[in-house]
Amino acid sequence: MKHKPIIFINKIYLPKKSLFMAQIRILLASINELTGRKNKPSQEIERKRLLAATLIIQGLYRCFCSGSHVISLGVPHRPNAYKSDDENLISTVGFKIVMSVVDAMHELGWINRKMGYRTSDDGGEVTEIRAAGELLGVFQNLGVVWEQMKPLEDAVVLRNYDSATKKKYKQTPPDSNGVRKMRPKLNKLNRFLNQQVICLDINNNSYEQLAGEMSNGAKANKYQYSRESQYPKYLDFTMVQLRRIFSRNSMKLGGRFYGGWWQFIPKKYRVSISINWLPTIEIDYSGLHPYMLYHLEGLEPPEGDMYNLGLWSTDAERDLKRPIVKEFFNAIVNDEYSRYVLPKEHKKVLGISSSKLINLIKKKHAPIAHRFESGYGLRLQYEDSQIAEQVLMDLLNQGIVCLPIHDSFIVQSIERTTLEKAMKKAYKMRFGSAVDMKATFQFDVDSRGKRKYEVQNPLPFGADEKVDRPAMFAMYADSIHAKYVQSHRLATGLP
Numbered sequence: 001m002k003h004k005p006i007i008f009i010n011k012i013y014l015p016k017k018s019l020f021m022a023q024i025r026i027l028l029a030s031i032n033e034l035t036g037r038k039n040k041p042s043q044e045i046e047r048k049r050l051l052a053a054t055l056i057i058q059g060l061y062r063c064f065c066s067g068s069h070v071i072s073l074g075v076p077h078r079p080n081a082y083k084s085d086d087e088n089l090i091s092t093v094g095f096k097i098v099m100s101v102v103d104a105m106h107e108l109g110w111i112n113r114k115m116g117y118r119t120s121d122d123g124g125e126v127t128e129i130r131a132a133g134e135l136l137g138v139f140q141n142l143g144v145v146w147e148q149m150k151p152l153e154d155a156v157v158l159r160n161y162d163s164a165t166k167k168k169y170k171q172t173p174p175d176s177n178g179v180r181k182m183r184p185k186l187n188k189l190n191r192f193l194n195q196q197v198i199c200l201d202i203n204n205n206s207y208e209q210l211a212g213e214m215s216n217g218a219k220a221n222k223y224q225y226s227r228e229s230q231y232p233k234y235l236d237f238t239m240v241q242l243r244r245i246f247s248r249n250s251m252k253l254g255g256r257f258y259g260g261w262w263q264f265i266p267k268k269y270r271v272s273i274s275i276n277w278l279p280t281i282e283i284d285y286s287g288l289h290p291y292m293l294y295h296l297e298g299l300e301p302p303e304g305d306m307y308n309l310g311l312w313s314t315d316a317e318r319d320l321k322r323p324i325v326k327e328f329f330n331a332i333v334n335d336e337y338s339r340y341v342l343p344k345e346h347k348k349v350l351g352i353s354s355s356k357l358i359n360l361i362k363k364k365h366a367p368i369a370h371r372f373e374s375g376y377g378l379r380l381q382y383e384d385s386q387i388a389e390q391v392l393m394d395l396l397n398q399g400i401v402c403l404p405i406h407d408s409f410i411v412q413s414i415e416r417t418t419l420e421k422a423m424k425k426a427y428k429m430r431f432g433s434a435v436d437m438k439a440t441f442q443f444d445v446d447s448r449g450k451r452k453y454e455v456q457n458p459l460p461f462g463a464d465e466k467v468d469r470p471a472m473f474a475m476y477a478d479s480i481h482a483k484y485v486q487s488h489r490l491a492t493g494l495p
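At position 410 of the sequence shown (counting the first as 1) the number is 410 in our numbering, and the numbers step up by one without a gap.
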């Protein structure tokens, strides 16, 4: 089943200060006219209308900024979607309030609307809306600009799983010493990230292509649909704040950092991530989960590449096949129901079946084979999340922006040595041993001296061998990246 490219309004984060207060005031006045009420609404009604109007306009702007031509804002068209504290439903504003805002926007000609409808108390089709008319013109004139977002209410999330309904649901984290220490660290980290400008230094055509890839929502296989969100991702540079999400009602399972937009984009685009206008490098722990499995069992890991099963003989083959083996290895550690299978395209690359690949992995890693297809991956995620917390806080205390992607980290390229040192230190603190690492940088070259990755916007350097920022902005003035980072400079007053 192909899912609609929709952003639901309960997934929209709000900025500290809306860029669209003029439009919100017009909209609220229009609602009063449409209702025909002579008496002034109560303060509570006005507050909820303001929240709903802000939420919907911000959601439409996020759809616009995503660069996708097909993504819409989804507004549930049934009252029951607004009556629960369920994290997947809407509890901040009511059904009638939201519908009055949508109706007023339609009357103003600010949206194109595909009406939803109610099929039952618990079911129905959402109303899909997209910016149009004067509102779309405001978005187009503004472009994609930097905004400082409101702090997350609680960045520590505990979830459980209902085996009957197959749904995850939130629980209240315990009031433990661990949680009390974790929250201020996360809040400090998010305040720091919320002040930075983190973007993609790609041309506008590539931006549009990426938007299409993300809003398509395609997964490699059914297993990914069962374990990940069924709905498409979308590009949203304001999503920089992180949450730690724990699983199965345990603060010792899961705990990884989620929420950063850089975690959602296809991997091939990550080399183009910029932090505060400068290029970045990604450092990855090599074979982290296999290493941890051995160390948690009190065993010495085998020498060499943990994912080398004899399936490649050249560097080119290795670059093509190793990521597939790594993904498969990590999946079968997580896969307690033995549902994961190689996608057809991966089978074709490797030239073997899923069962053959499992057998090769079990043969190479016989001492830890009992952990495969056991669901032990959540324990490993807890371990790598603890290491990630140490790395992030170490760099934060040095004023260095670091973006986590579970077992890898992205920093400005000039901070490579500092990041590697922090990663080595964090792993050794936990396991008392060393672990291999590898780096990915947009200016990397292969053995022939040819660049591995396309660099769309080469950086101009001045006589001092530093990036000439004025020249950079002048060269790429029309790019989304240049406009976005310039808007950050204007908003923050930074040079």
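The beta-carbon is built from N, C-alpha and C at its ideal position, and this holds for glycine as well. All of these numbers come straight from a predicted model, not from anything done at the bench.
Helix, strand or coil, according to DSSP, for residue i in the structure here?
i, result
"T314", "coil"
"L50", "helix"
"I512", "Since the first residue shown for the chain is 1 and the last is 495, residue 512 is missing from the structure and cannot be characterised."
"S479", "coil"
"D162", "strand"
"K75", "The residue asked about is misnamed: residue 75 is Val in this sequence, not Lys. Of the three classes helix, strand and coil, the one that applies to V75 here is strand, per DSSP."
"G254", "strand"
"Y117", "strand"
"F20", "coil"
"N359", "helix"
"E44", "helix"
"M239", "coil"
"P15", "strand"
"V126", "coil"
"T499", "Limits of the chain in this structure are 1 at one end and 495 at the other, which puts residue 499 out of reach."
"V157", "strand"
"A439", "strand"
"L392", "helix"
"T92", "coil"
"E213", "helix"
"S408", "strand"
"F144", "Looking at the sequence shown, residue 144 is not Phe but Val. If DSSP states are grouped into helix, strand and coil, V144 belongs with coil."
"M149", "strand"
"R248", "coil"
"L293", "helix"
"L299", "coil"
"I265", "coil"
"F329", "helix"
"F192", "helix"
Would you mind giving the Cβ-Cβ distance between residue i and residue j, rounded to the nearest angstrom? I have them listed as a contact below 8 Å.
i, j, result
"Q263", "L193", "About 13 Å; that fails the 8 Å criterion."
"K185", "E389", "7 Å"
"I7", "A52", "Between A52 and I7 the Cβ distance is about 16 Å, and since that is not below 8 Å, they are no contact."
"Y269", "L320", "Y269 to L320, Cβ: 18 Å. No contact."
"S385", "R244", "6 Å"
"I90", "I9", "7 Å"
"G259", "F246", "Incorrect: roughly 14 Å between the Cβ atoms, too far for contact."
"D444", "K452", "5 Å"
"P301", "Y307", "Not a contact, Cβ separation roughly 12 Å."
Pick out whichever of the options has its Cα sitting closest to the Cα of residue i.
i, options, result
"C65", "G133, K114, A211 and P174", "A211"
"R318", "Q209, V349 and F329", "V349"
"C497", "L27, N205, D305 and A132", "Any answer about residue 497 is impossible in this case: the structure gives the chain only from 1 up to 495."
"V435", "I283, A331 and Q486", "I283"
"G493", "Q195, V157, L360 and F372", "Q195"
"I56", "L14, A491 and A81", "L14"
"A369", "H406, G260, L299 and G399", "L299"
"N216", "M437, K168 and I265", "I265"
"S206", "A164, K181 and L235", "L235"
"N160", "L311, R248, K424 and N190", "R248"
"G375", "Q398, A331 and M115", "A331"
"Q381", "H481, I405 and E303", "I405"
"I480", "K233, W277, M239 and K347", "W277"
"D154", "R191, W146 and Q140", "R191"
"V271", "T119, Y476 and S413", "S413"
"R489", "V197, G124, E415 and V333", "V197"
"M251", "V102, S176 and N308", "S176"
"S274", "L28, V333 and V401", "V401"
"D335", "P323, K16, K363 and E373", "E373"
Taking the DSSP output, what are the residues bridged to residue i?
i, result
"I198", "I275"
"K170", "R159"
"A131", "I111"
"Y285", "M437"
"L403", "I410"
"V445", "R451"
I'd like to know if residue i contacts chain C, where contact means its C-beta is closer than 7 Å to some C-beta of that chain.
i, result
"L309", "Note that chain C does not occur in the displayed structure, where there is just one protein chain."
**Message:** When you compare the region 348-363 with the region 389-401, are there three or more beta-carbon pairs, one atom per stretch, that lie closer than 8 Å?
**Reply:** Result no; under three Cβ-Cβ pairs closer than 8 Å.
**Item:** Contact between the region 107-114 and the region 26-45 (3+ Cβ pairs under 8 Å)
**Value:** They touch, by the three-pair rule.
**Request:** Could you say if the region 141-153 and the region 165-176 meet the contact criterion of at least three C-beta pairs nearer than 8 Å?
**Result:** By the C-beta criterion, the region 141-153 is judged not to be in contact with the region 165-176, since fewer than 3 inter-stretch pairs fall below 8 Å.
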